[in-house]
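**Q**
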Amino acid sequence: MVALESLRIALQSLWANPLRSFLTLIGIAVGIAAVLHVVGLGTVTQRSINERLESMGTNVLLIRPGYSHMRGVRTAESVDTLTADDARQLLAESQVISVVVPTYSGQGNAEFQGVNWQTRITGTTPEHLEVNNDALSVGRFFTDREVAERSRVAVLGDTVRAELFGGRDPVGADIRINSQRFAVIGTLEAKGESYMNPDDQIFVPLTTAQQRLFGMDSLSSILAVMRDSADFEEALFDIETILRRRHRLRADRENDFQVRRQDFFLAAIQDTNREIARFVLVIAGVSLLVGGLGIANVMLVSITERTREIGIRRALGANRLHILVQFLTEAMVLGIAGGLLGVAGGASFNRLQIGTDAPLSWDWVGYSFAICAGIGVLAGAYPATRAAWANVLDALRYE
Amino acid sequence: MLVRLEAVTRTFQMGSAPVRALRDIDLEIEHNEYVAITGPSGSGKSTLMNILGCLDRPTSGRFLLDGRDVSLLPDRQLSRVRNELVGFVFQTFNLLPRATALRNVETPLVYAGIPAGRRRALAREALDRVGLSDRAQHRPNEMSGGQRQRVAIARALVNRPKLVLADEPTGNLDSATGREIMEILDGLHAEGNTILMVTHERYIAEHARREIRLHDGAIRSA
């Protein structure tokens, strides 16, 4: 009951100085919002990484064109070193590589009945579907024959489908990609949000992209699938040997391509994310510390202003514990109000920055309130102790 | 015997020199007495009052309140004694500025641990006793000095204390309002309460049945 009364008194006195109370709890609010944002961001990134890991598997190597270096000096920007023949040769020579997917990507404009959409055009081979774990929602993917014939057929990612066709069935329709007519033969199921939205692209036969759309012989990348992820070392050796020979690289020249394992690549993203999270959490910690000091400061001011009230209450029968609890409650209410504001801020910030499905971790909301209450108690401890141990007579006489 | 002081002294340290505010006070007050403590300023009236109200402790000597030695009680129990046995009326009213009259009167009952419903009823009753039922929801700054002092009296009465201590209860009031306050105190005495007040005004002291004159921290005549 005294606790309830303390809460009432605390709310009343905080309400008596609304601006002061509000300014005090901003520090706490910023800290908590930052914590919730980091946690939300971490969850989303982790989710997208997990999804990609699941869809890519751990036995896929990504080969991309790299830079030529000679004794540490970049001699030429050679982004066109990889070719479809490279890919074919890898499959033919290496015992441990079971599938290759050569890909060429570029930006293009898709148009259907006056609606334009800028998107990524990816030229690839039929194996793309299986290696990337993509699924058709309607229609079919293109065939080896269509690749050989440089056919003007297109398979739409879900975003492109929605932008150009809305609710209509796109299969059989003709669209224009960079002014050339293409027949839509299928669409892919949505893979969901990730970095570089995988749904926002159009797939066409590799040769069509290279020769009809972009006029290039080179590749943007080759996906090489190993028979077993344990063959990693051997696959790497094969790729280097074969590509260096084919590119006629002298022994003193570095590779003009890079090989990455998809799961390693994702692990690196994860590490970067963790670093960012740590950094933001440090800022959040500083903010919470400053917020706590703000509460301590305001409580000291408040207690000085209310010295007489303390004296009166003591004269009427309040003991030290009553006074201590009263002011600790007040500090705690400030902390928790800051937490409330922080949770609201964090939630809307997440929604704005990450998207509508941004998760607000209820665990962390719970921790936040515990942290805020804790900060309040810590910050209020000294002021409240001073109030409780004040000399009653001096307090009563205080002007 | 309600109050018994035995050789009570109170010494303050002012800089390096000790000041003896009370010297060897022996005093007894019975239930339902009406006592005025008078004397020039600096004679130790307030110090004596503070000790009787358990706001201060004697430097030496014994103080028995309602048969119990309270001179050495720890804070928690002393607070309880203040809460249950003593009611204060101050010269400057000492109401809680942000609380309504009703809340002010309820405050001692909060610390006595009385449930809210009963608290409210008792507080209304006490306000009724001083004729302020219609001001229950007013804050101190919405009331006159006389009304504030009546709220303070209601607050002093609400826990049915054994001893009502009034420190210059009319000191901040005009004489007409002062008379009203004294009528209330007289009435409380008539109802069986023990009242002890500090005053330096002749006509106020005359309301009491007994006068204790202090001079230089000692009792002149009892």
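In order, the protein sequences belong to chains A and B.
FYI, in our numbering the residues of the first sequence are 4 to 402.
FYI, in our numbering the residues of the second sequence are 2 to 223.
Glycine included, C-beta positions come from ideal geometry on N, C-alpha and C.
These numbers come from a predicted model, not from an experiment.
If valine 104 of chain A sits next to valine 134 of chain A, beta carbons under 8 angstroms apart, how far is it from one beta carbon to the other, in whole angstroms?
**A** 5 angstroms
**Q** Quick check on DSSP: helix, strand or coil for phenylalanine 145 of chain A?
**A** coil
**Q** For the region 121-135 of chain B against the region 329-346 of chain A, are there 3 or more C-beta pairs whose distance is under 8 angstroms?
**A** no
**Q** Using a Cβ-Cβ cutoff of less than 6 angstroms, which residues in the same chain neighbour aspartate 168 of chain B once the five nearest sequence positions on both sides are dropped?
**A** Met50, Phe91, Gln92 and Val199
**Q** Within 10 Å of its beta-carbon, does threonine 108 of chain B have 16 or more other beta-carbons around it, so buried, or fewer, so exposed?
**A** The residue in question, threonine 108 of chain B, is buried, as its Cβ has 16 or more Cβ neighbours within 10 Å.
**Q** With distances taken Cα to Cα, identify the nearest neighbour of leucine 39 of chain A among A:Pro386, A:Pro129, A:Arg264 and A:Leu363.
**A** A:Leu363
**Q** What residues of chain A sit near proline 109 of chain B, judged by a beta carbon separation below 7 angstroms?
**A** Leu319 and Gly320
**Q** For tyrosine 370 of chain A, write down the residues that DSSP places opposite it in a beta bridge.
**A** In DSSP, tyrosine 370 of chain A forms no bridge with anything.
**Q** Leaving aside the five residues before and after valine 276 of chain A along the sequence, list all residues of the same chain whose C-beta is less than 6 angstroms from its C-beta, in chain order.
**A** A small correction: the amino acid at residue 276 of chain A is asparagine; valine does not occupy that position in the sequence shown. So the qualifying residues of the chain are Thr48.
**Q** Identify every run of the alpha helix (DSSP H) within the region 200-273 of chain A, keeping only runs that are complete inside it and at least 4 residues long; order them along the chain.
**A** 235-249
**Q** Along the chain, where does the alpha helix (DSSP H) that runs through arginine 164 of chain A open and close?
**A** 161-168
**Q** Output yes if chain A places a C-beta closer than 8 angstroms to the C-beta of leucine 197 of chain B; else output no.
**A** no
**Q** Go through its chain and collect everything with a Cβ distance to glycine 377 of chain A's Cβ below 8 angstroms, but skip five positions before and after it.
**A** So the list reads Gly338, once near-sequence residues are dropped.
**Q** From what residue to what residue does the beta strand (DSSP E) around phenylalanine 115 of chain A run?
**A** 100-115
**Q** Where does serine 145 of chain B land, buried or exposed, given buried means 16+ other C-beta within 10 angstroms?
**A** exposed
**Q** Please tell me whether arginine 316 of chain A has its Cβ less than 8 angstroms away from any Cβ of chain D.
**A** Absent from the structure is chain D; the protein chains it does hold are A and B.
**Q** Taking threonine 178 of chain B as part of the beta strand (DSSP E), name the residues at either end of that continuous run.
**A** For threonine 178 of chain B, there is no enclosing beta strand (DSSP E); the enclosing alpha helix (DSSP H) covers residues 176-191.
**Q** Just to check my reading of the structure: valine 99 of chain A and glycine 142 of chain A have Cβ atoms closer than 8 angstroms, yes? What is that Cβ distance to the nearest angstrom?
**A** Going by Cβ atoms, the distance from valine 99 of chain A to glycine 142 of chain A rounds to 34 angstroms, so no, they are not a contact pair.
**Q** So that I know if they touch, is there some Cβ in chain B lying closer than 8 angstroms to that of alanine 393 of chain A?
**A** no
**Q** Any idea what DSSP makes of histidine 72 of chain A, helix, strand or coil?
**A** At histidine 72 of chain A, the pLDDT of 48 sits below 50, so the modelled position is not reliable; the number obtained from the coordinates is stated separately. Of the three classes helix, strand and coil, the one that applies to histidine 72 of chain A here is strand, per DSSP.
**Q** Taking just the CA atoms, how far does alanine 373 of chain A sit from isoleucine 205 of chain A?
**A** 49 angstroms
**Q** What does the Cβ neighbour count give for leucine 7 of chain A, buried or exposed, with the cut at 16 atoms within 10 Å?
**A** exposed
**Q** Count the other CB atoms, across all protein chains shown, that sit within 10 Å of the CB of methionine 73 of chain A; report buried if there are 16 or more and exposed otherwise.
**A** Residue placement at methionine 73 of chain A is flagged as unreliable, the pLDDT there being 48, under the threshold of 50; a coordinate-derived value is accordingly withheld.
**Q** Using beta carbons (cut-off 8 angstroms, strictly below), is arginine 323 of chain A in contact with chain B?
**A** yes
**Q** What are the start and end residues of the beta strand (DSSP E) that includes histidine 216 of chain B?
**A** 211-216
**Q** So the alpha helix (DSSP H) valine 111 of chain B belongs to, where does it begin and stop?
**A** 102-112
**Q** Using a Cβ-Cβ distance under 8 angstroms, would valine 1 of chain A count as near chain B?
**A** Any answer about residue 1 of chain A is impossible in this case: the structure gives chain A only from 4 up to 402.
**Q** Just the chain A side, please: which residues come within less than 7 angstroms of tyrosine 112 of chain B by C-beta, in chain order?
**A** Leu319, Gly320, Ala321 and His325
**Q** Kindly indicate which residue of B:Asn160, B:Arg140 and B:Glu7 has the alpha-carbon position closest to the one of arginine 69 of chain B.
**A** B:Glu7
**Q** Looking at chain A, which residues of the region 54-70 of chain B have a Cβ within less than 7 angstroms of any of its Cβ atoms?
**A** Leu56 and Asp57
**Q** Are there 16 or more other CB atoms within 10 angstroms of the CB of glutamate 228 of chain B, so buried, or fewer, so exposed?
**A** What the structure shows of chain B is the stretch from 2 to 223, and residue 228 of chain B is not part of that stretch, so it cannot be assessed.
**Q** Who does tyrosine 35 of chain B pair with in a DSSP beta bridge?
**A** Residue pairing for tyrosine 35 of chain B: DSSP places it in a beta bridge opposite B:Ile196.
**Q** Sorted by chain position, which residues of the same chain lie with C-beta nearer than 7 angstroms to threonine 27 of chain A's C-beta, five sequence neighbours on each side aside?
**A** Gly297, Ile298, Val301 and Leu337
**Q** Would the beta-carbon of histidine 325 of chain A fall within 8 angstroms of that of tyrosine 35 of chain B?
**A** no
**Q** Answer yes or no: do aspartate 67 of chain B and asparagine 322 of chain A have a C-beta to C-beta separation smaller than 8 angstroms?
**A** no
**Q** If we count the other Cβ atoms within 10 Å of its Cβ and call it buried at 16 or more, is phenylalanine 144 of chain A buried or exposed?
**A** buried
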